[in-house]
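Everything below concerns the one structure shown next.
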Amino acid sequence: MAEDKQAYDVEKGAAAVPNAYEGPPAVDPGVYMGKHDAGAPSTGVWAKFDYYNRKLEHKMGIETRGIERVPETERPDKRLWGNLMVWLAANCVLPTFALGLLGPVTFYMGLGDSMLTIFFFVTGSTIIPAFMSTFGPKLGLRQMTSARYSWGWYGAKLVALLNCIACVGWSTVNSIAGAQTLEAVADYKISAAAGVVIIAVITLLVGLFGYKVVHKYEQFSWIPTLITFFVLLGVSAKHLVNLEMPVGQAEAASVLSFGGAIFGYCVGWASLSSDYNVYMPAEASSWKVFMWTYLGIAVPNVLIQWLGAAVGCAAMVLPDWTDAYAEHELGGLLSAVMVPPMGNGGKFFMVLLVLSVVANNIVNVYSMGMSISVVWVYLAAVPRLFWPFFISAIYIPLAIVGADSFSSALENFLNVLGYWLAIYSTVVIEEHLIFRRRNYDNYNAAETWNRSDLLPWGLAAVIAAGFGVMGAVLGMAQIWYIGKIGALVGGDADPFGGDVGFELALAFTAITYPILRYGEKRFLHR
Numbered sequence: 001m002a003e004d005k006q007a008y009d010v011e012k013g014a015a016a017v018p019n020a021y022e023g024p025p026a027v028d029p030g031v032y033m034g035k036h037d038a039g040a041p042s043t044g045v046w047a048k049f050d051y052y053n054r055k056l057e058h059k060m061g062i063e064t065r066g067i068e069r070v071p072e073t074e075r076p077d078k079r080l081w082g083n084l085m086v087w088l089a090a091n092c093v094l095p096t097f098a099l100g101l102l103g104p105v106t107f108y109m110g111l112g113d114s115m116l117t118i119f120f121f122v123t124g125s126t127i128i129p130a131f132m133s134t135f136g137p138k139l140g141l142r143q144m145t146s147a148r149y150s151w152g153w154y155g156a157k158l159v160a161l162l163n164c165i166a167c168v169g170w171s172t173v174n175s176i177a178g179a180q181t182l183e184a185v186a187d188y189k190i191s192a193a194a195g196v197v198i199i200a201v202i203t204l205l206v207g208l209f210g211y212k213v214v215h216k217y218e219q220f221s222w223i224p225t226l227i228t229f230f231v232l233l234g235v236s237a238k239h240l241v242n243l244e245m246p247v248g249q250a251e252a253a254s255v256l257s258f259g260g261a262i263f264g265y266c267v268g269w270a271s272l273s274s275d276y277n278v279y280m281p282a283e284a285s286s287w288k289v290f291m292w293t294y295l296g297i298a299v300p301n302v303l304i305q306w307l308g309a310a311v312g313c314a315a316m317v318l319p320d321w322t323d324a325y326a327e328h329e330l331g332g333l334l335s336a337v338m339v340p341p342m343g344n345g346g347k348f349f350m351v352l353l354v355l356s357v358v359a360n361n362i363v364n365v366y367s368m369g370m371s372i373s374v375v376w377v378y379l380a381a382v383p384r385l386f387w388p389f390f391i392s393a394i395y396i397p398l399a400i401v402g403a404d405s406f407s408s409a410l411e412n413f414l415n416v417l418g419y420w421l422a423i424y425s426t427v428v429i430e431e432h433l434i435f436r437r438r439n440y441d442n443y444n445a446a447e448t449w450n451r452s453d454l455l456p457w458g459l460a461a462v463i464a465a466g467f468g469v470m471g472a473v474l475g476m477a478q479i480w481y482i483g484k485i486g487a488l489v490g491g492d493a494d495p496f497g498g499d500v501g502f503e504l505a506l507a508f509t510a511i512t513y514p515i516l517r518y519g520e521k522r523f524l525h526r
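With my numbering as the guide, the letters of the sequence shown map in order to residues 1 to 526.
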């Protein structure tokens, strides 16, 4: 049975080689359904889907491979530094700057404590997505597919669904930031809706082509954005001030809440980081993959969030900047900083910041197409080309509706994102370190990635996740809900409390998962 399955996988891999079009290749839905024996290949609609997928790849260079494992013989990308380029471009963007603003303008922190919070939370939380990226070359699987080795066949569907929601949320929040800025460039003669649509169309055109084009775009897109941030630093430098650092329990609450948002932003890549290196060789050094990814996320986040915090502090004391932010949020503030000293030149650089949003959004648009195929087996046969259109149709109206509330949308989204990713990441990491003994060979990915009978049941992960949710609820401090422990952090000095949701979610999951997993292996034997 296993030998037949292996032979079929080899045959399917050969059919994926360009120019191998001798009639519609056979595709078996059993590949996606986790059957014990895939049986005879289908010759119906599945074969037609696959045939036209391959045609697209051959004629237009559009990637058509979905969640299938990438065999070692089909991994031509030996540029491990490509991990640096992808994440440098995805994080050297306007939303990263906007996150830094939250320290002073939302949590009323000074420049010193904002910068320290940014540094320690960024450098600490980036370890998680950098570690997750090492699974790509070693297993040849997308992130949500490799989640099956800890969450099980059905548990992986849950986290894949959550990741789809997160990708939509990311794209929505990013598009709001870009739309507000584009409105300011046009002197508010266009609507936020027009800005959202422009950003979405550009994102769609790039993300449509898949892995190779995404890597090529990200290799260069960060350069004009970095130059723009230097220009922003130059025109704002003489106005920058250092607000006094608050002290006491209220300050601790602000640091933890701001840190939670930073954690959500950086660890947000953990659910898709290996999607961008599955075509890299299996013998690639895990240490090098880790370090390139780590640098690509950590360095731009620290530096650009620092710049955002500095501008945010100045916006708390300069009347023109204060009024601009109060009236038009991010776009108004950027206009107040860049247009008076530079005129139309300032608007040009603001447009470059708008375009930077594309580099972040294409990562989400591309990865959602992978995650959604894990949610429901039959969706895996839908051409990957369809999914960028699908996600765009979802996040465009959401971004239009929320275009006037960027700051609150960013803060709330990132904190909630941090809760579930703390749970997801803890399960995956503990499975690897404790139960797979830090050895990627113990996954046997070539034989087991789509075999539900050879994967864990996933009960341990799902139950541990329930405990993690309990921790998040106790520790959260949001406008719409303040948990019992979260309220205690702020004390009487801060009625809004301090958010420790992701810390408690991580701790509750970390304690319960090993115990439950040992029981699962002993009594359920998987």
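Beta carbons: idealized from backbone N, C-alpha and C, even for Gly.
Excluding five sequence neighbours on each side, which residues of the same chain lie with their C-beta closer than 7 Å to the C-beta of Val70?
Here the question's residue 70 lines up with position 70 in the sequence shown. In chain order, Gly140, Val278 and Tyr279 place their CB closer than 7 Å to the CB of Val70, counting only its own chain and leaving out the 5 sequence neighbours on each side.
In the structure shown, what three-state DSSP assignment does Ile482 receive?
Numbered from its first residue, the sequence shown carries residue 482 at position 482. Residue state, collapsed to three classes: strand.
Enclosing alpha helix (DSSP H) for Asp499 [first to last residue]
For the purposes of this step, residue 499 is taken as the residue at position 499 of the sequence shown. No alpha helix (DSSP H) contains Asp499, which DSSP labels as neither H nor E.
Locate the alpha helix (DSSP H) running through Trp387, then write down its first and last residues.
Within the sequence shown, the letter at position 387 stands for residue 387. Phe386 to Val401 is the extent of the alpha helix (DSSP H) around Trp387.
Does the stretch 444 to 454 come into contact with the stretch 471 to 486, if we say contact requires no fewer than three beta-carbon pairs (one atom in each stretch) closer than 8 Å?
Touching, no.
With H, G and I counted as helix, E and B as strand and the rest as coil, what does DSSP make of Ala477?
Position 477 of the sequence shown, counted from the start, is the residue given in the question as residue 477. Looking at Ala477 - three-state DSSP - the assignment turns out to be strand.
Look up Met338 in the DSSP assignment and say whether it is helix, strand or coil.
What you label residue 338 is simply residue 338 of the sequence shown in a count that begins at 1. DSSP places Met338 within a helical segment (H, G or I) once states are collapsed to three.
Starting from the C-beta of Cys92, find all residues in its chain whose C-beta is less than 6 Å away, skip the five residues before and the five after it, and write them out in chain order.
Indexing the sequence shown from 1 puts residue 92 at position 92. Answer for Cys92: Trp222, Thr225, Leu226 and Pro300, listed in chain order.
Roughly how many angstroms separate the alpha carbons of Val473 and Met342, rounded to a whole number?
In the sequence shown, counting from the first residue as 1, residue 473 sits at position 473. In the sequence shown, counting from the first residue as 1, residue 342 sits at position 342. Spanning the two alpha carbons is a distance of roughly 47 Å.
Decide if the stretch 302 to 318 is in contact with the stretch 191 to 201; the criterion is three or more beta carbon pairs, one per stretch, under 8 Å apart.
Under the Cβ criterion (8 Å, minimum of three pairs), the stretch 302 to 318 does not count as touching the stretch 191 to 201.
Taking all protein chains shown into account, decide if Asp404 is buried (16 or more other Cβ within 10 angstroms of its Cβ) or exposed.
For the purposes of this step, residue 404 is identified with residue 404 of the sequence shown, where counting begins at 1. Asp404 should be labelled exposed.
Beta-carbon separation of Leu99 and Gln305 under 8 Å?
Against the sequence shown, residue 99 aligns to sequence position 99. Against the sequence shown, residue 305 aligns to sequence position 305. Yes, Cβ-Cβ distance for Leu99 and Gln305 is below 8 Å.
Please report the residue range of the alpha helix (DSSP H) in which Phe108 lies.
As a first step, residue 108 is located in the sequence shown; it is residue number 108 there, counting from the start. Note that residue 108 is Tyr in the sequence shown, not Phe. Here Tyr108 belongs to no alpha helix (DSSP H), and DSSP marks it neither H nor E.
Look at Ala409 and Phe502 and say whether their C-beta atoms are less than 8 Å apart.
Indexing the sequence shown from 1 puts residue 409 at position 409. Indexing the sequence shown from 1 puts residue 502 at position 502. Contact: no.
May I ask which residues mark the beginning and end of the alpha helix (DSSP H) holding Pro76?
Here residue 76 is taken as the residue at index 76 of the sequence shown, counted from 1. For Pro76, there is no enclosing alpha helix (DSSP H), since its DSSP letter is neither H nor E.
Check Ser405 in the structure and name its three-state DSSP category.
The count along the sequence shown starts at 1 and reaches residue 405 at position 405. DSSP places Ser405 in coil when its eight states are reduced to three.
Exposed or buried, what is Leu433 when buried is set at 16 or more other beta-carbons lying within 10 Å of its beta-carbon?
What you label residue 433 is simply residue 433 of the sequence shown in a count that begins at 1. Leu433 should be labelled exposed.
Could you spell out where the alpha helix (DSSP H) holding Cys266 opens and where it closes?
The sequence position of residue 266 within the sequence shown is 266, counting from 1. Note, Cys266: alpha helix (DSSP H), Gln249 to Val267.
Tell me whether Pro397 is buried or exposed, calling it buried when 16 or more other Cβ atoms sit within 10 Å of its Cβ.
Locating residue 397 in the sequence shown gives position 397, counting from the first residue. Exposed, since its Cβ has fewer than 16 Cβ neighbours within 10 Å.
With a threshold of 7 Å on Cβ separation, who are the neighbours of Ala380 within its own chain once the five nearest residues in sequence on each side are excluded?
In the sequence shown, residue 380 corresponds to position 380, counting from 1. The beta carbon of Ala380 sits closer than 7 Å to those of Tyr32, Gly66, Ile67 and Ser373, all from its chain and outside the five residues before and after it, given in chain order.
Tell whether a beta-carbon distance below 8 Å holds between Leu158 and Gly268.
Numbered from its first residue, the sequence shown carries residue 158 at position 158. Numbered from its first residue, the sequence shown carries residue 268 at position 268. No, the pair does not count as a contact, with Cβ atoms beyond the cut-off.
Which residue's Cα is closest to the Cα of Ala510: Gly491, Glu430 and Met470?
Within the sequence shown, numbered from 1, the residue matching residue 510 stands at position 510. It is Glu430.
Can you give the Cα-Cα distance for Val337 and Val462, rounded to whole angstroms?
By one-based count along the sequence shown, residue 337 stands at place 337. By one-based count along the sequence shown, residue 462 stands at place 462. Taking the CA atoms as reference points, Val337 sits about 48 Å from Val462.
Straight-line gap, Gly23 to Phe390 (C-alpha atoms, nearest Å):
Stepping through the sequence shown from its first residue, residue 23 is reached at position 23. Stepping through the sequence shown from its first residue, residue 390 is reached at position 390. For Gly23, the predicted model reports a pLDDT of 32, less than 50, meaning its position is unreliable; a value from the coordinates is still stated below. Take the alpha-carbon of Gly23 and the one of Phe390: they are about 29 Å apart.
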